[in-house]
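Undergrad: A single structure is presented below for examination.
Residue numbers (my numbering), protein chains in the order written: chain L, 1 to 473; chain C, 474 to 946; chain W, 947 to 1419.
The structure is reproduced here in structure tokens:
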């Protein structure tokens, strides 16, 4: 007989009864707050078109690199999970989504103890009403139940959005995106609910695939001359303004390092010349990325967009996989990341200005207590993004609070980001974050370090208010 | 109505009743032990002159960079906190200490979850008898109560020293200090209570502001010829002897890295020549700092002073702030710090000698389990200083014991240092340290890893005996 | 009166009653599983010859660097612990094992809170039936009791092996070892119980003492021409085959870094030429070590040996100690270790092949969540070795699970390794590992993150099945 699946109301709360009681009381005060999702990667066409999701596998497995990388790590070919290679040929791709689902179900034990397990169980129970644990045995029951549900109107994107009590979601687009989906959303009265964010890596990073082509497209879109430094800056300003018209309140920058620079205009012009003529060295390209962060900060002070930076990931570590499947296939690996020297040029220029906000993320948890909390506990412009990507687990969230609160407090942090393209997991992720923050606060209360009334105020700030404030929502 | 402020006797103890009971029993055995404060930055003139502290803000806010950096990080100008710039001009400085106090009170929520909050609450409740939580509403009550108390004899420095059950405090002075306050203290019979420590950064580090001028002053004071290597060493020996006469049992070294060197005398002379003629490169200056640590170790073996080293801080990260306000304004940021290669020259020379003691501090907690505990668990000369500065929080203390005990045990550590210039917080900080050590020991007892009688012995050692032994007090 | 020594059945379980009850139930399901010890350093002659151990000190102190390095760190000379220097002369060596034992007993408090304390207490209580705590007072009682026991047949190595419920143990030998003890073990029908592992550092690492001599010996043993690249590779293949005949299922590589390389054959030949002619630079020697890891991986794909790599230790940090006592004297210190760039050449070549297994160990715990779990959660070939050496403590085990499970799950790990030369501590170490894994699982269960039935399956996998599977036993 299949094991029962039941979401326990006290999940993630500590076993100790006193701690659990406090955590539960705090959580009750934030459980039903609307969701603010200021940083994520859902597809805006879902909300613009409101078409049904095709089937359980294409909704929950194929697009989620958290899921398929774990299966891959245990020797399951991506093709057998229905993932399409960039170019045809090679091992045939599984085309039956039910078979993909069964393969996942048979290997569900691989996810024991991982956040993916929690998110998926939440989705199965809460969204689809399933009450047995996923396994080889229950795979078809799952598939049939979910597939049938997805065909109903109640499971279309906008209905789920409302059901999930989402107040606002930000998607992420690059400057070459014309934002047609956001335009439609605006026309449909959804412009305040689904906004964009400005992610210019593909026109700021000379190592990005197709960088020079992207600059040409940028010129076409903006009418600016992107072969010269000032025209290039104008083009970026133009696109930032366009994104602001489509709701953007923030920019988002994924760089290999946190390196920033502060060059003179003459140095910038000379550097840009080498960059666009393709004559640049790797060091020059890193210098350019660093300078562009400082330029983005400057533009943020002018147009008010909040700036987000998340460095420290070795992208596309697996050559063969990248050649066959392209980006975002679970082969991005965090590396040690230095912030103190790296951010100094930018912070010395703009860090003392309280009108500027730079939200820093990290994949190197060592930097929490050593570098990031001390920096955020000093510079008015700097705030700490939440534990991110590999670290938005219960343990990752606990480590974040344990290592940053002592030096940066709560008010130099910005609430939770789900950062996901897995739409159905959004409420589950916010649920985990709210619970873990309440657990941390409960510990402070139980140890007589914080009165419970103050903890309740902080719980609401962490769950809702800080995100609105930090992202100017 | 204002929330009640009440110091709970079980504060910082875990919620679990069994653990809490053990922690409480252990803590009872150490709670009333005298305070040994072997490393700190209180002003010796306080104890020498025994004048009243001027007012609550100048006692508790203006001199405490833990406090004002947090306020600054949230956009409050230092001038508005009454902090004087190095040079006049610019934004006017708030001169009314009551207004400064109100500004702090209005923002007291920024400190929730931080050690500063605990220390301050302890001071308000225990020292001043306040029984409501600090807030905008209670700001004036606080100010009036504390201001009145500070005008009484019971709140003069020496009375508080006795009230706090301090057995000994070490202040920190540089070699150019003639130690007039310590001389007066000696005359007043306080020479065994307030001693100095020898902190020679300003005459060892060629990058220190005014280094060459400092060498001239050093020559004036000692009558040694500090423009030559041997005369320079003699001058340092001379000052060490002078400091020993004023109670010093230790030296203290704050270097950018833990780098040490072991050069020949000819190499030292050549290097020193380049240093004092101002012709040195950054690499030479680092080499010089490294060599001087080894020289200090050698002198320690001769004169018995215990050596302390705390590397790994990027000082004065914020240029604009440094230009306007100078050093120690909350803009010192820890950096990743390497110990294994760095300390090898010094340890290979003196590390096997049990008559030499080198106490290592770190701001890079990653080094606890990886480098420092293994080094201290091997070299007879090496001991681990307590969690320090950013890390003397309850969490920082727990991390320290969790990551060092397994490899270095308890007896390669040296008890607690408060390292503070905030005199009133000293008992609060020792209280936190004693509680957190008892919590750690209670966990070992509860998990049947240590008999409770042994834990009680260790608790006393951590609270009192190890500091006396390590610092030769 | 001496304090009682009693192994508590709930040792290492959390104080919280609910957590403890779950941990206890889980532990009951794995407590009596046989021990698989796939990676260790016991002496195969013990099992081959089955001679009695000489006396308590030579069994428990002299060969255990965990023990004598702690005593050394507190100023006790190694000679006073009966440890023989490499060359005669200098301080006389204590020859009375009873005096050595007393010295250890007097200082047993140094081990409070360390894993050594737990292992030793387990051995005293469980193996020798002692019921008072070791101290100066009980030193002779201990010595006499243990010395008498060691003279009985029940305490000979094979009897203890059976008593400890060991199913299989792997020792570690280098390619120049002719494996006579394993041959005898095979003849005695113990060939399935005691196997070897192939540890070729002394013929792969040009910086190893006697490297060039070792290559000559390798030529003598194999008949291959080890002065040329292809002959050298053939010799290694030959020895791998020999080791496989003596039970080996794995290789083991202790390199200073995790650096790997992927050179062309021409580059390999040129590099090898410089290496064997002694004309190589340090960079070339590092390149050679890196290339040899990739060669070992290639051979593993051919012959099926599982590959283990543990980088990141600065060996023989203490020059004077090394000169007098040689290797493995407690002066090996972990260093920060980079994996993402370093392993890329090897992983890009073989990491996608599920038929290859690379088990990675680390002494740099920072890499758990940042580098190793993400790599193991992606590459089919990569698995994570358990917390190792300095980190096989209860805290180290907890940190390992807390930082790797979220990203790599349980099934990219390989169970426990005791990695010890202290034979009597093996069951104690596995006991600690099983308990700590059950504690971690109990927490997941108590927090409603994992059903208890699933946790029980995982507990068995971690205690027994994963080691068998990963090491192909």
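Glycine included, C-beta positions come from ideal geometry on N, C-alpha and C.
Between the stretch 395–406 of chain L and chain C, which residues of the former have CB atoms less than 9 angstroms from a CB of the latter, in chain order?
TA: So the list reads 401, 402, 403, 405, 406, given in the order they occur along the chain.
Undergrad: Would you call the stretch 158–171 of chain L and the stretch 190–199 of chain L in contact, with 3 or more CB pairs under 8 angstroms?
TA: Result yes; three or more Cβ-Cβ pairs closer than 8 angstroms.
Undergrad: Going by CA-CA distance only, name the one from 374(L), 320(L), 326(L), 385(L) that's closest to residue 1299(W).
TA: Residue 1299(W) has its Cα closest to that of 320(L), out of 374(L), 320(L), 326(L), 385(L).
Undergrad: Spatial neighbours of residue 1293(W) within its chain, please: CB distance less than 6 angstroms, with the 5 preceding and 5 following residues excluded, ordered by chain position.
TA: Cβ neighbours of residue 1293(W) beyond the five flanking positions: 1325.
Undergrad: Give the residues from the stretch 1034–1056 of chain W that approach chain C closer than 8 angstroms (Cβ to any Cβ), ordered along the chain.
TA: Listed by position along the chain: 1055, 1056.
Undergrad: Select from 463(L), 345(L), 328(L), 435(L) the residue whose C-alpha is nearest the C-alpha of residue 41(L).
TA: Among 463(L), 345(L), 328(L), 435(L), the Cα nearest to that of residue 41(L) is on 328(L).
Undergrad: Tell me the DSSP secondary structure of residue 477(C) in three-state form.
TA: Strand, per DSSP.
Undergrad: Is the shortest distance between the beta-carbon of residue 1403(W) and the beta-carbons of chain C less than 7 angstroms?
TA: It does not; no Cβ of chain C falls within 7 angstroms.
Undergrad: Per the DSSP calculation, residue 671(C) is bridged to which residue(s)?
TA: BP columns for residue 671(C) point to 646(C), 724(C).
Undergrad: Say whether the stretch 1009–1024 of chain W touches the stretch 1272–1289 of chain W, bearing in mind that this needs 3 or more beta-carbon pairs closer than 8 angstroms, one atom from each stretch.
TA: Segments in contact, yes.
Undergrad: Give me the Cβ distance between residue 858(C) and residue 834(C), rounded to the nearest whole Å; I'm assuming they're in contact under 8 angstroms.
TA: Residue 858(C) to residue 834(C), Cβ: 4 angstroms. Contact.
Undergrad: Have a look at residue 556(C) and residue 342(L) and give me their C-alpha separation to the nearest angstrom.
TA: So the two alpha carbons sit approximately 29 angstroms from each other.
Undergrad: What residues from chain C crowd round residue 409(L), counting only those whose CB sits closer than 7 angstroms?
TA: 543, 583, 584, 585, 586, 587, listed in chain order.
Undergrad: Which first and last residues belong to the alpha helix (DSSP H) in which residue 1020(W) is found?
TA: Note, residue 1020(W): premise wrong, no alpha helix (DSSP H); not H, not E.
Undergrad: Starting from the beta carbon of residue 858(C), find every residue of chain W whose beta carbon is closer than 7 angstroms, and list them in chain order.
TA: The premise fails here: residue 858(C) is roughly 16 angstroms from chain W at the closest Cβ pair, so nothing lies under 7 angstroms.
Undergrad: Identify every run of the alpha helix (DSSP H) within the stretch 977–1040 of chain W, keeping only runs that are complete inside it and at least 4 residues long; order them along the chain.
TA: Qualifying alpha helix (DSSP H) stretches, in chain order: 990–995, 1002–1006, 1011–1019.
Undergrad: Leaving out the 5 sequence neighbours to the left and right, which residues in its chain are closer than 8 angstroms to residue 510(C) when beta-carbon positions are compared?
TA: Cβ within range, chain order: 639, 641, 642, 643, 890, 891, 899, 903.
Undergrad: How is the beta strand (DSSP E) around residue 1422(W) delimited, first residue to last?
TA: What the structure shows of chain W is the stretch from 947 to 1419, and residue 1422(W) is not part of that stretch, so it cannot be assessed.
Undergrad: Return the first residue and the last residue of the alpha helix (DSSP H) that residue 657(C) is part of.
TA: Per DSSP, residue 657(C) belongs to the alpha helix (DSSP H) from 653–660.
Undergrad: On the premise that residue 762(C) lies in contact with residue 728(C), defined as a C-beta separation below 8 angstroms, what is that separation, rounded to the nearest angstrom?
TA: Yes, they are in contact, since the Cβ atoms of residue 728(C) and residue 762(C) sit about 6 angstroms apart, within 8 angstroms.
Undergrad: Which same chain residues end up closer than 6 angstroms to residue 445(L) when comparing Cβ atoms and leaving out the 5 residues on each side of it in sequence?
TA: Excluding sequence neighbours, residue 445(L) sits near 22, 452, 455.
Undergrad: Check the Cβ-Cβ distances between residue 853(C) and every residue of chain W, and say whether any is below 7 angstroms.
TA: Yes, residue 853(C) counts as interfacial toward chain W.
Undergrad: What do you reckon, are the CB atoms on residue 1206(W) and residue 1239(W) nearer than 7 angstroms?
TA: Yes, Cβ-Cβ distance for residue 1206(W) and residue 1239(W) is below 7 angstroms.
Undergrad: Should residue 828(C) go down as buried or exposed, given a rule of 16 or more other Cβ atoms within 10 Å for buried?
TA: Answer is exposed; the Cβ neighbour count stays below 16.
Undergrad: Does the stretch 934–943 of chain C come close enough to the stretch 958–973 of chain W that 3 or more CB-CB pairs lie under 8 angstroms?
TA: No, because fewer than three Cβ pairs between the stretch 958–973 of chain W and the stretch 934–943 of chain C fall closer than 8 angstroms, the two stretches do not touch.
Undergrad: Runs of 3 residues minimum, wholly inside the stretch 835–890 of chain C: which ones carry the beta strand (DSSP E) assignment?
TA: The stretch 835–890 of chain C contains these whole beta strand (DSSP E) runs: 855–857.
Undergrad: Going by CA-CA distance only, name the one from 1126(W), 1079(W), 1072(W) that's closest to residue 1109(W).
TA: With distances taken between Cα atoms, residue 1109(W) lies closest to 1072(W).
Undergrad: Taking the runs of the alpha helix (DSSP H) that are 4 residues or longer, which of them lie wholly in the stretch 1075–1114 of chain W?
TA: Counting only runs of 4 or more, we get 1085–1096, 1103–1109.
Undergrad: Write down the C-beta distance between residue 406(L) and residue 768(C) rounded to the nearest angstrom, noting that I regard them as a contact closer than 8 angstroms.
TA: No, residue 406(L) and residue 768(C) are not in contact; Cβ-Cβ is about 36 angstroms, not under 8 angstroms.
Undergrad: Looking at the structure shown, is residue 679(C) part of a helix, part of a strand, or coil, going by DSSP?
TA: Coil.
Undergrad: Exposed or buried, residue 366(L), counting other C-beta atoms within 10 Å across all chains shown (16 or more means buried)?
TA: Flag for residue 366(L) reads buried.
Undergrad: With DSSP collapsed to three states, give me the class of residue 782(C).
TA: Reduced to three states, the DSSP call for residue 782(C) is strand.
Undergrad: Here's the rule I'm using: 16 or more other beta-carbon atoms within 10 Å means buried, otherwise exposed. How should residue 154(L) be labelled?
TA: Label assigned to residue 154(L): exposed.
Undergrad: Is residue 574(C) near residue 621(C), with beta carbons less than 7 angstroms apart?
TA: No, the Cβ-Cβ distance between residue 574(C) and residue 621(C) is not below 7 angstroms.
Undergrad: What are the boundary residues of the alpha helix (DSSP H) that residue 236(L) is part of?
TA: Counting along the chain, the alpha helix (DSSP H) containing residue 236(L) begins and ends at 229–245.
Undergrad: Ends of the beta strand (DSSP E) at residue 736(C)?
TA: Element bounds for residue 736(C): n/a, residue is neither H nor E.
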